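Peer 1: My questions will all concern the structure given below.
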Amino acid sequence: MAVPEKGRTFLGFDFSTQQIKAIAVDDSLRVVHESAVQFDIDLPEFRTHGGAHIREDKLTVTSPTIMWVKAFDLLMDKMKKDNFDFSKVAALSGTGQQHGSVYWKHGAQKVLKSLQPDKSLHQQLQDQFSVEDSPIWMDSSTTKQCQQLENKLGGPQTVANITGSRAYESFAGEHKESEHEAEAGKDDGHKDMVLKGLVILFGIYFFFIIERVMKYVSHRKQRKVERI
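When you line the sequence shown up against my numbering, it's residues 47 to 274, in that order.
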């Protein structure tokens, strides 16, 4: 059954360094729901400052990967307690940290395919990351890797000509040869960007909503054909 045009909502998520936030608007762009989970305040057990951990070298900056998953669980709980009607969602959107890396263990895909709806995501995924602390955009510990990359490709200007930018420490690509990748070791199965990790969480929680959206689009196309 397609989502009816009357009363439909459009749900967006923002996964920033300090928090995860959800906001829903109606057809008139009126905000009908807003929820947020602040990492430092709502998840004090991770002892983050500004959503991150800054190591003694002042260069290595990370965030606990499972904290992001637990924050998503908590956000969903808040929305449910506020009686947010997920059945009225006609479309989803999301933004997330671009320069961050999530390291999955070998076999994590099997776990993702067999998740149990009666258990929280963070309980089921807590042992599925080969690196517990994900390097984020604030990390600047990969100067050596940046220099190696630029030297291999012919210098900073050549890299900029190819990619649009010289190699910067905060970019996730440089994490591949860094201590973060070394920490992952042989147990590393796959590396994802933080935003891609968010997409995975979207898929788990909102598969049924996506199905509704597809039916809605199909219904609209059918109506246009009938009018013609």
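Backbone N, C-alpha and C fix where the C-beta goes; we use that ideal spot for every residue, glycine too.
As the structure is a computational prediction, the values presented were derived from the model and not from experiment.
Over what stretch of residues does the alpha helix (DSSP H) that includes L195 continue unbroken?
Peer 2: Taking the first residue of the sequence shown as position 1, residue 195 is located at position 149. That run of the alpha helix (DSSP H) goes T189 to L199.
Peer 1: Short check: CB of T108 to CB of I182, under 8 Å?
Peer 2: Position 62 of the sequence shown holds residue 108. Position 136 of the sequence shown holds residue 182. Yes, these two residues count as a Cβ contact at 8 Å.
Peer 1: May I ask which residues mark the beginning and end of the beta strand (DSSP E) holding T55?
Peer 2: In the sequence shown, the residue the question calls residue 55 occupies position 9. T55 to F61 is the extent of the beta strand (DSSP E) around T55.
Peer 1: In three-state terms, what does DSSP make of S133?
Peer 2: Your numbering for residue 133 matches position 87 in the sequence shown. Helix at S133.
Peer 1: Return yes when the Cβ of F56 is within less than 8 Å of the Cβ of A70, no when it is not.
Peer 2: Residue mapping note: residue 70 aligns to position 24 of the sequence shown, counting from 1. Residue mapping note: residue 56 aligns to position 10 of the sequence shown, counting from 1. Yes, Cβ-Cβ distance for A70 and F56 is below 8 Å.
Peer 1: Which whole-angstrom value describes the C-beta separation of K151 and F175, a residue pair presumed to lie in contact below a C-beta threshold of 8 Å?
Peer 2: By 1-based counting over the sequence shown, the position of residue 151 is 105. By 1-based counting over the sequence shown, the position of residue 175 is 129. Right, the Cβ-Cβ distance comes to about 7 Å (below 8 Å), so this counts as a contact.
Peer 1: Could you tell me which of L120, D128, T189 and V205 sits nearest to E80, measuring between CA atoms?
Peer 2: Locating residue 80 in the sequence shown gives position 34, counting from the first residue. For E80, the nearest C-alpha among the options comes from D128.
Peer 1: Assuming A89 and K116 are in contact, meaning their beta carbons sit under 8 Å apart, how far apart are those beta carbons, in whole angstroms?
Peer 2: Within the sequence shown, residue 89 is the residue found at index 43, counting from 1. Within the sequence shown, residue 116 is the residue found at index 70, counting from 1. The amino acid at residue 89 is misidentified as Ala; the sequence shows Leu. Sure, about 6 Å apart at Cβ, within 8 Å.
Peer 1: If I follow the unbroken beta strand (DSSP E) through D179, where does it start and stop?
Peer 2: Translated into the one-based positions of the sequence shown, residue 179 becomes position 133. Annotation: the continuous beta strand (DSSP E) that includes D179 extends over D179 to P181.
Peer 1: Going by beta carbon distance, what residues of the same chain come within less than 6 Å of I66, once the five residues before and after it are set aside?
Peer 2: For the purposes of this step, residue 66 is taken as the residue at position 20 of the sequence shown. Once the five neighbours on either side are set aside, the close Cβ partners of I66 are V83, A117 and L121.
Peer 1: Identify whether Q65 lies in helix, strand or coil by the three-state DSSP scheme.
Peer 2: On the sequence shown, residue 65 is found 19 positions in, with the first residue counted as 1. Note: Q65 maps to strand in three-state DSSP.
Peer 1: Please say whether L195 and A206 have beta carbons closer to each other than 8 Å?
Peer 2: On the sequence shown, position 160 is the one that residue 206 refers to. On the sequence shown, position 149 is the one that residue 195 refers to. Their beta carbons are not under 8 Å apart, which means A206 does not touch L195 by this criterion.
Peer 1: Going by DSSP, what residues sit across from G140 in a beta bridge?
Peer 2: As a working note, residue 140 is residue 94 in the sequence shown. Its beta-bridge partners are F59.
Peer 1: Going by the CB atoms, is the gap between S216 and S186 shorter than 8 Å?
Peer 2: By one-based count along the sequence shown, residue 186 stands at place 140. By one-based count along the sequence shown, residue 216 stands at place 170. Cβ distance < 8 Å, so S186 and S216 count as in contact.
Peer 1: Hey, A136 and R54 are a contact pair by Cβ (cut 8 Å); roughly how many whole angstroms apart?
Peer 2: Against the sequence shown, residue 136 aligns to sequence position 90. Against the sequence shown, residue 54 aligns to sequence position 8. The Cβ separation is near 4 Å, so the contact holds.
Peer 1: Which parts of the region 85-138 are runs of the beta strand (DSSP E), unbroken and 3 residues or longer, counting only runs that do not cross its ends?
Peer 2: 107-110
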